[in-house]
Amino acid sequence: MTTDAMEGGCLCGAIRYRLLARPFDADYCHCRQCQKATGAPVGTWMDFKTEQVQWLNETPKEFASSDAIRRGFCPQCGTSLSYRHTDYPQYLTLSIPTLDAPQAVAPNYHIHTASQLPWLELSDPCPRYPGDRSDRSDPQE
Ligand SMILES: [Zn+2]
Ligand SMILES: [Zn+2]
Numbered sequence: 103m104t105t106d107a108m109e110g111g112c113l114c115g116a117i118r119y120r121l122l123a124r125p126f127d128a129d130y131c132h133c134r135q136c137q138k139a140t141g142a143p144v145g146t147w148m149d150f151k152t153e154q155v156q157w158l159n160e161t162p163k164e165f166a167s168s169d170a171i172r173r174g175f176c177p178q179c180g181t182s183l184s185y186r187h188t189d190y191p192q193y194l195t196l197s198i199p200t201l202d203a204p205q206a207v208a209p210n211y212h213i214h215t216a217s218q219l220p221w222l223e224l225s226d227p228c229p230r231y232p233g234d235r236s237d238r239s240d241p242q243e
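Here the working numbering is used: position 38 in the sequence shown is 140, and no number is missing along the way.
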């Protein structure tokens with residue numbers, strides 16, 4: 103990221119956001135829910151403190167994909183934009199490809215590789231975890 107303020111938004115432009123800081127982390131998630139929610143073989147996500155994300159017009163509509171998880175999307179075009187856990191309201195996660203310059207943020211690790219699609223070959227050196235990152239006892243190469 104070359105500037106302090108970065109922007110992004112959905113496919114149709116109804117939802118736009120501005121970032122006030124760099125993400126403190128970013129990941130690839132191969133879980134089935136991210137695959138379904140994003141319509142892609144792997145979700146790529148970046149993590150912020152909630153107050154570091156400014157919604158510029160509308161806010162995403164949210165779907166409760168489980169008791170504690172809320173997935174935000176544009177009600178006009180369906181773009182998957184955000185992810186949050188209701189137990190951690192201080193954090194908000196955004197989809198990296200929704201950035202206007204998505205090459206500015208690279209994921210640091212893979213989670214839920216147990217459901218990585220077999221035809222998706224990835225050669226990056228990032229750590230891989232079969233479940234969530236709390237499975238530190240059993241990281242995969
Ligand atoms: Zn939209
Ligand atoms: Zn996931």
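Think of the CB as a built atom: it goes at the ideal place given N, C-alpha and C, for glycine as much as any other residue.
Just so we're clear, the structure is a prediction, and the values are computed from it rather than from any experiment.
Cross-strand partners of residue i (DSSP beta bridge)
i, result
"Ala-166", "Arg-172"
"His-212", "Tyr-130 and Arg-230"
"Gln-156", "Arg-120"
"Ser-184", "Gly-174 and Leu-196"
"Lys-151", "Tyr-193"
"Leu-201", "Gly-110"
"Thr-146", "Tyr-130"
Buried or exposed by the 16-neighbour rule on C-beta atoms within 10 Å, applied to residue i
i, result
"His-212", "buried"
"Gly-110", "buried"
"Tyr-190", "exposed"
"Arg-186", "buried"
"Gln-259", "Beyond the ends of the chain as shown, which are 103 and 243, falls residue 259; an answer cannot be given."
C-beta contact flag for residue i and residue j at 8 Å
i, j, result
"Met-108", "Leu-201", "yes"
"Pro-209", "Ser-184", "no"
"Cys-179", "Cys-228", "no"
"Met-148", "Ala-166", "no"
Nonlocal neighbours in the same chain, by C-beta distance under 7 Å from residue i, ignoring five residues either side
i, result
"Arg-235", "Tyr-211 and Ile-213"
"Thr-188", "Ala-170 and Arg-172"
"Glu-160", "Ala-116 and Ile-117"
"Cys-112", "Cys-176, Cys-179, Thr-181, Leu-183 and Thr-200"
"Leu-90", "One cannot answer for residue 90 here, as it falls past the ends of the chain, which runs 103 to 243."
"Thr-215", "His-132, Arg-230, Tyr-231, Pro-232 and Gln-242"
"Gln-154", "Leu-121, Leu-122 and Ala-123"
8 Å Cβ shell around residue i - same chain, five flanking residues per side excluded
i, result
"Phe-150", "Leu-121, Ala-123, Pro-125, Phe-126, Tyr-193, Leu-194, Thr-195 and Leu-196"
Own chain, CB closer than 6 Å to residue i, minus 5 neighbours either side, in chain order
i, result
"Thr-140", "Ser-182"
"Thr-43", "No statement about residue 43 is possible, as the shown extent of the chain runs from 103 to 243 and does not include it."
"Val-46", "Shown here, the chain extends from 103 to 243; a query on residue 46 therefore has no answer."
Beta-carbon distances below 6 Å to any heavy atom of ligand 2 define the shell here; list its residues in chain order, please. Cys-131, Cys-133, Gln-135, Cys-136, Gly-145 and His-214
Who sits around ligand 1, taking every residue whose Cβ is closer than 6 Å to one of its heavy atoms? Cys-112, Leu-113, Cys-114, Ala-116, Ile-117, Cys-176, Gln-178, Cys-179 and Thr-181
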